[in-house]
Amino acid sequence: MNEVLEEILPEGMIVPTGFETVGHIAHLNLRDDHLPYKKLIAQVVLDKNKPKIQTVVNKIDAIQNDYRTMQLEVLAGIDSLVTTVIESGLRFQVDLSTVLSTERQRLVDHVFKNSDVVCDVFSGVGPIAISAARKVKYVYANDLNPTAVEYLERNIVLNKLERKIEVFNMDARRFISSIYSSQHVHPVTQVVMNLPNDAAEFLDVFRGISRNHQLAVPCVMPNIHVYGFSKAEDPEYDFHERINLTLGENVSDVEMHRVRLVAPGKWMLCASFTLPVSVAFAKPNYIALPLNDTFRSVKIDISRMTTRAGAPLAVFLVSSLKSAAARLRHGEQLHALAAKSGLLASNLFVRNSLLAFYSRVAPSLAYHLFDEIPLLLRDATAHNILLSALARAGRLERARCLLAEMPQRDAVSFTTVISALSRSGHPERALAVFRDMLTEAVQPNEVTLAEVLTAMACDHGAPAPVGAAHGVAVRRGLDGFVIVATNLVHAYGAVSQVPSARSIFELMPDRNTVTWNTMLNCYVKAGMINMAAEVFGVIPERDEALRTYVAMVGTVGIRANEVILVGLVKACSRHSAVSEGQQLHTVILKNGFDAHAFVQATLIHYYGSCDFIDHAQMQFKLSDKSHVASWNALMASLLRRNLVHEARQLFDDMPERDTISWSTLISGYVQSGNSNMALQIFCSMLDAGVEPNEITLASALSAVANSGTLGQARWIHDYIISRSIQLTDKLSAGLINVYAKCGSIAEAVQLFNHVKDKSISVSPWNSIICNLAIHGYVNMSLELFSQLQSTTNIKPNSITYLGVLNACCHAGMVAEGKHQFESMRQQYGIQPEIKHYGCMVDLLCRAGYLEEAELLIKMMPMKADVVAWGCILAAARTQGYVALGEKAAEELSKLDPSHGASKIALSNLYADAGHWSNVSVVRKELQNENLERLTGSSGILQL
0 MNEVLEEILP EGMIVPTGFE TVGHIAHLNL RDDHLPYKKL IAQVVLDKNK
50 PKIQTVVNKI DAIQNDYRTM QLEVLAGIDS LVTTVIESGL RFQVDLSTVL
100 STERQRLVDH VFKNSDVVCD VFSGVGPIAI SAARKVKYVY ANDLNPTAVE
150 YLERNIVLNK LERKIEVFNM DARRFISSIY SSQHVHPVTQ VVMNLPNDAA
200 EFLDVFRGIS RNHQLAVPCV MPNIHVYGFS KAEDPEYDFH ERINLTLGEN
250 VSDVEMHRVR LVAPGKWMLC ASFTLPVSVA FAKPNYIALP LNDTFRSVKI
300 DISRMTTRAG APLAVFLVSS LKSAAARLRH GEQLHALAAK SGLLASNLFV
350 RNSLLAFYSR VAPSLAYHLF DEIPLLLRDA TAHNILLSAL ARAGRLERAR
400 CLLAEMPQRD AVSFTTVISA LSRSGHPERA LAVFRDMLTE AVQPNEVTLA
450 EVLTAMACDH GAPAPVGAAH GVAVRRGLDG FVIVATNLVH AYGAVSQVPS
500 ARSIFELMPD RNTVTWNTML NCYVKAGMIN MAAEVFGVIP ERDEALRTYV
550 AMVGTVGIRA NEVILVGLVK ACSRHSAVSE GQQLHTVILK NGFDAHAFVQ
600 ATLIHYYGSC DFIDHAQMQF KLSDKSHVAS WNALMASLLR RNLVHEARQL
650 FDDMPERDTI SWSTLISGYV QSGNSNMALQ IFCSMLDAGV EPNEITLASA
700 LSAVANSGTL GQARWIHDYI ISRSIQLTDK LSAGLINVYA KCGSIAEAVQ
750 LFNHVKDKSI SVSPWNSIIC NLAIHGYVNM SLELFSQLQS TTNIKPNSIT
800 YLGVLNACCH AGMVAEGKHQ FESMRQQYGI QPEIKHYGCM VDLLCRAGYL
850 EEAELLIKMM PMKADVVAWG CILAAARTQG YVALGEKAAE ELSKLDPSHG
900 ASKIALSNLY ADAGHWSNVS VVRKELQNEN LERLTGSSGI LQL
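For what it's worth, numbering that gives the first Met the number 0 labels the leading residue of the sequence shown as 0, then goes sequentially.
What follows is the structure, encoded as structure tokens:
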């Protein structure tokens, strides 16, 4: 590129060699002498960097508007400033024309006052400084980048604000120190700290910033607005903690404002607070060396001490000590560094982090360090850390003594000791500590109550204490927590108060798996088998419950009936619980229940579901052949293994057949890809006078959709109407799908409009959204998806998003596709599957974003399939990316060595690129491997 620019630019002119990229946009920083040639330069940059770069822009110096002092001019390529940025494999949109303008407007309109003096620490080219100067009394603006300062000064002149802004060009910490050490006429009232990365790490400069201030002169504490980023589940709490850590003190009354979501799960935040007087007038820091159980102090100023990367030392120490990879030797080195720097004595967070580190890896050193900390420096957190270490080590008496010695005991302190005593088999002592807690008027939290109730359950005492704890939970408003309510159920069950346990269980608005299993255990221990069966029948997740209940029915003295056992065996079938099912089979044999025909059919179905087809056939041979359910169960088992021929033979041998028999065989043919035979069986079923049910009709509709005609679809629809069969969501979805697949999208839409207000599931919506996308009605598909979200209480599922992504793919809507791909995770918690990733790869490849598509494949949680690499290969050929095409072909050969299409595509890629020797090699491989070529076929249908 440089050689081309040297040829076209005037002799002696410096060639612009660097530019900043944001997504697909190249951002030029052209000198004044380059401006007459800016479009020529931009076109060269665009031509030499396609397809990675698709837009080239340059800054326009000054714009006379209220909130921006810089504007970007598109010089070449796509006339759009909306681009996509990739961070850690995640994609998000950025609009360079409007980014942060609304935040700037918020500060100027609603935060700054006319009398304010603003200190803009990282001003850049001056968007905040110049906007604020129009309103406030005075502005100090600073930036370390001399180019940015040059732009800023130029903008100040153009906006005629020379008398209201003073510009600095220095490091941020030195700038703030200079402002506060010099006798400026204007005392600072507002400080803005905004960086592309986290600005909170620079807050340490404010510690002791006013200690040399003359006390006779009134000192105004500034309001600080610091910007940062967080990926934490609670970003506000995370950012607040980092501010506290950097300042070395807990700052209250911090107002948090979410600026924007800069990436999936990553927020940009603004924290606004008044600088605490205690921080501004902090005493000098000291070195603290633990020697002979005393702290020896030496004065040292560390206000500007940072790590090599520029982060404050306190932040570095705390993050390093919290790291799971930190070992004892590393911790001792960090300990020495904290002591030498004085942070061990002066910074509460560093001291407690070091104590917590030792409590994890070397508890004896934690005890030693704690003993060396002066009493005045031991806060509640330090005591709680040591309490936790003692509890983990089983030193319960030492923990109780420490609790008694603590000057300030909080809920965490008591809860730690209560939990340790309860779990070590001393429930009565745990309850004694809880009584002491209530006596001292310390408010218990939900964890405290949960541990107390666990202790009561272990104690197996009288119901009265449990009732008292229940009363405490109600009075404190803690009974709404799932953990507390679940432990109440457990505690009442342990003292044989099953009705009370059931009452709490029924009143719980939310229940988790532990709650259900706890209620089931209550009934099991009470020997209430029928009630246990009732609970088991409605448990959402039965894995643990299944083991509990199977153990119960296998216990001597508890006799289950055949109905309950059948329900349990069916549950084992659903969960493929082999050992539990075999235990139940033993119980059935012992009780003689295997003589019942419906029990025999259930056992056949169980073994077939667990893939033990030989066991299923053996059980069938032992069963009563006059019962059709056994035949149906074995036929379903055979079809599950795709043994269609054996299943058809069994069907022909059946002495009698019911609707389930016909439906099972029809469904089996559809699933095996033989839709024509499925339709023949369906017609034979109707000729035999057997009434089809919903499952039969749904299977028949699937067969018609695969290989039938529009007339057949209409006939089945008419059959449903004439027989007054209820049009369920499943049937509606099947009819919509078959109309669309048979070419009548209008009838599909008409039917959907008829049923959409009555539907209670997402199935009809999925059917219409997916089929509209396939037929190219992209806007209508996305509009219906929007209606689903805004006008119904039905939540979309993974199939819905598959249709939406297909729509975006067909229309080349890259931005919309990326937005929907992220929203399925962010808004609905739906984890993308391989098909969703395949759609995104296809979408990116069609739009020419091959590098992003390849990156997405690398970041996928599962291995890419043939579809994804096939899209990469096809796009590589279209855009002439030989290396990427070779890689895609290699991956395809690993996934499917017989994938001849990939080798043909690779041969064509080489031919397009003129690599004829490679073409010859690939074609010889095709000939030598004798890959099977699928022949095409066509047919004529008479409508």
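Quick reminder that beta carbons are idealized off the backbone N, C-alpha and C, glycines included.
Own chain partners of residue i with C-beta closer than 7 Å, once the 5 adjacent residues on each side are dropped
i	result
I659	N631
V918	S906, Y909, A910
P234	W266, L268
A663	Strictly speaking, residue 663 in this sequence is Thr, with Ala absent from that position. Taken in chain order, the residues that qualify are N631, M634, A635, L638.
Q53	H23, G76, I77
K321	S352
L260	W266
D115	V135, K136, T188, Q189
Same chain, Cβ closer than 8 Å to residue i, neighbours up to 5 away in sequence not counted
i	result
F413	L402, V432, F433, D435, M436, V441, P443, T447
N291	Low local confidence applies: a pLDDT of 34 at N291 is under 50, so the model's placement there is unreliable, with the coordinate-based value given in what follows. So no residue of the chain qualifies.
L872	G884, A887, A888, L891, S901, A904, L905, L908
N249	N243
Spatial neighbours of residue i in its chain, beta-carbon cut-off 6 Å, leaving aside the 5 residues before and after
i	result
S608	S572
K923	none
N705	S674
V471	none
Nearest candidate by alpha-carbon position, reference residue i, set the options
i	options	result
L925	G913, S892, D509, H914	S892
S209	M192, Y179, Y236, A198	Y179
T791	F238, S760, L27, I127	S760
R895	E832, A313, G869, T727	Residue identity differs from the one stated: residue 895 is Asp in this sequence, not Arg. Checked all of E832, A313, G869, T727; the closest Cα to D895 is G869.
C808	A747, S319, V840	V840
M220	L734, V191, I242, V187	V187
R399	N222, F820, A484, L386	L386
L685	P126, D652, G710, R722	R722
E439	H914, A410, K755	A410
Backbone secondary structure at residue i - three-state DSSP
i	result
H224	strand
K265	strand
C521	helix
T273	strand
D119	strand
N444	coil
I703	Contrary to the premise, residue 703 reads as Val rather than Ile in this sequence. V703: helix per DSSP, three-state reduction.
G470	helix
P283	With a pLDDT of only 42 at P283, under 50, the local geometry of the prediction cannot be trusted, and the value read off the model is given with reservation. P283 falls in the coil class under three-state DSSP.
S660	helix
S229	strand
Pairwise C-alpha distance: residue j and residue i
i	j	result
N770	A132	57 Å
Y366	L389	9 Å
T514	T453	14 Å
M861	Y827	21 Å
A628	E579	23 Å
A468	S418	15 Å
L730	D717	13 Å
A867	I612	35 Å
L696	L678	11 Å
H752	A732	The question names His, but residue 752 in the sequence shown is Asn. Cα to Cα, the separation comes out at about 12 Å.
V44	R845	23 Å
A490	D610	41 Å
L700	N805	23 Å
F681	I735	20 Å
E746	A739	8 Å
V156	I164	10 Å
A335	A355	16 Å
N590	H584	10 Å
Query raised in the report: Is it true that the stretch 228-235 meets the stretch 203-211, where meeting means three or more beta-carbon pairs spaced less than 8 Å apart?
Result: Not touching, per the Cβ criterion.
Query - Cβ contact (3+ pairs, closer than 8 Å) linking the stretch 662-677 and the stretch 633-641 - result: Per the Cβ contact rule, the stretch 662-677 is in contact with the stretch 633-641 (3 or more Cβ pairs under 8 Å).
Query - Inter-stretch contact (C-beta, 8 Å, three-pair minimum) for the stretch 27-41 and the stretch 4-13 - result: With a cut-off of 8 Å, the stretch 4-13 and the stretch 27-41 count as touching, because enough Cβ pairs lie within range.
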